[in-house]
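In my numbering, the protein residues as written are 23 to 166. Idealized CB from N, CA, C, for every residue including glycine. All values derive from a computational prediction rather than experimental measurement. What follows is a set of notes on a single structure, which appears directly below.
Quick look at the structure:
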């Protein structure tokens, strides 16, 4: 998503597009393949702009989520993490239970899965999430 697209989304929905929100978006955009907690995001933006507080990060993430800019992910550790939503960017999550590393990939073709569910269950699916838990190769190969 480009900055001008973000600005347009804000304007269409009656929100101000502030410098703080721009900085938070840019930090998320630079960390596109990471799943940041609000605290991790705060650390990143606070380095660039010390006037941004943790409450601003939380409020901005809530607005971003409401506007469909970010998706909140909660894994087994019950910590909310956020990632930008991209066009045609559906992906699944594979989480190591030992080290917590999160891998992204696509387990199923969304089109094939949607068709299968429609044909077999007469259910119209418009979204899904898939999270698999196990051990990554590093943890599996470590000697105890």
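Residue 123 places its beta carbon 8 Å or farther from that of residue 157. Scanning the stretch 121-155 from its first residue to its last, the whole alpha helix (DSSP H) runs of 4-plus residues come out as 132-143. Sequence-distant partners of residue 153 (beyond 5 residues in either direction) whose C-beta falls short of 6 Å from its own C-beta, in its chain, are 115. Rounded to whole angstroms, the separation of the alpha carbons of residue 127 and residue 144 is 27 Å. The C-alpha of residue 99 lies about 20 Å from the C-alpha of residue 65. Residue range 92-96 is occupied by the beta strand (DSSP E) that includes residue 94, with no alpha helix (DSSP H) assigned at that position. Boundaries for residue 58: no beta strand (DSSP E) harbours it, and the DSSP string shows neither H nor E there. At a Cβ-Cβ threshold of 8 Å, residue 146 and residue 137 do not count as neighbours.
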